[in-house]
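*Asks:* Right, I'll just put the structure down here and ask away after.
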Amino acid sequence: MKLILTADVDNLGAPGDTVEVKDGYGRNYLLPRGLAIVATRGAEKQVEGIRRAQEARAVRGLDHAKEIKAAIEGLESVSLTVKTAGDSGKLFGSVTAADVAGAIKAAGGPVVDKRSLELPKAHIKATGKHAVVVNLHPDVVAKFHLNVVAG
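Below, the structure is given as structure tokens:
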């Protein structure tokens, strides 16, 4: 089965790659999860759009990573307001990496891929200040404090 990947798949390829896989793997795993689309003429035209979107999100090198680090660490305050919190400061839900990436962008920072964020314990479940690490490049790591506020 010939497929075009729409997401990064371990041991298979990157978004935009055309791969040949066994029928069961493609039909039962890749297609239902949205990790790939069937390779047709129309889909091959979409490959270029997928690659452009991937390149726009990617860090382009060490200098670019240092610029993004300076922009993130230069933010005065990154705060995230959560709707529901108990009296003790515990959240009924949790703050995920996607929420933190949105908070960075809302604070005037650069667009950061949620997969590059390291939260204290996978998810933040309490209000207050939390240290967050952003892995931009193997040699560049940005650190900042996220203030979770009950709304």
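Its first residue numbered 1, the sequence shown is counted upward by one per residue in my numbering.
Cβ coordinates follow ideal geometry from the N, Cα and C atoms, glycine included.
All of these numbers come straight from a predicted model, not from anything done at the bench.
Scan the region 60 to 93 and note each continuous alpha helix (DSSP H) run of 4 residues or more that stays entirely inside, going in chain order.
*Replies:* With a minimum length of 4 residues, the continuous alpha helix (DSSP H) runs that stay inside the region 60 to 93 are 62 to 73.
*Asks:* What did DSSP end up calling G109 once you bin it into helix, strand or coil?
*Replies:* For the purposes of this step, residue 109 is identified with residue 109 of the sequence shown, where counting begins at 1. Coil at G109, not helix or strand.
*Asks:* Nearest by alpha-carbon distance to H145: which of D139, A101 and R115 is it?
*Replies:* In the sequence shown, the residue the question calls residue 145 occupies position 145. If we check each option's Cα against that of H145, A101 comes out closest.
*Asks:* Exposed or buried, which one is T155 when buried takes at least 16 other CB atoms within 10 Å?
*Replies:* Since the displayed the chain opens at 1 and closes at 151, residue 155 lies outside it and no answer follows.
*Asks:* Relative to the C-alpha of K69, which residue among K105, P110 and L31 is closest?
*Replies:* In the sequence shown, the residue the question calls residue 69 occupies position 69. Checking every option, the nearest Cα to that of K69 belongs to P110.
*Asks:* Does DSSP put G151 in a helix, in a strand, or in coil?
*Replies:* The residue labelled residue 151 in the question sits at position 151 within the sequence shown. Note: G151 maps to coil in three-state DSSP.
*Asks:* In angstroms with no decimal places, state the Cα-to-Cα distance between K158 and K90.
*Replies:* Residue 158 lies beyond the stretch modelled for the chain, which goes from 1 to 151, so this question has no answer here.
*Asks:* Taking V149 as the reference, which of G108, E118 and S94 has the closest Cα?
*Replies:* Indexing the sequence shown from 1 puts residue 149 at position 149. V149 has its Cα closest to that of S94, out of G108, E118 and S94.
*Asks:* By the 10 Å Cβ neighbour count, where 16 or more other Cβ atoms means buried, how is G151 classified, buried or exposed?
*Replies:* Translated into positions along the sequence shown, residue 151 becomes position 151. It counts as exposed.
*Asks:* Pull the bridge partners of E48 from the DSSP assignment, please.
*Replies:* Taking the sequence shown and counting its residues from 1, the one referred to as residue 48 is at position 48. DSSP, once it has assigned bridges, lists no residue as partnering E48.
*Asks:* Could you work out which residue in L80, R27 and G74 is closest to A142 when comparing CA atoms only?
*Replies:* For the purposes of this step, residue 142 is taken as the residue at position 142 of the sequence shown. For A142, the nearest C-alpha among the options comes from G74.
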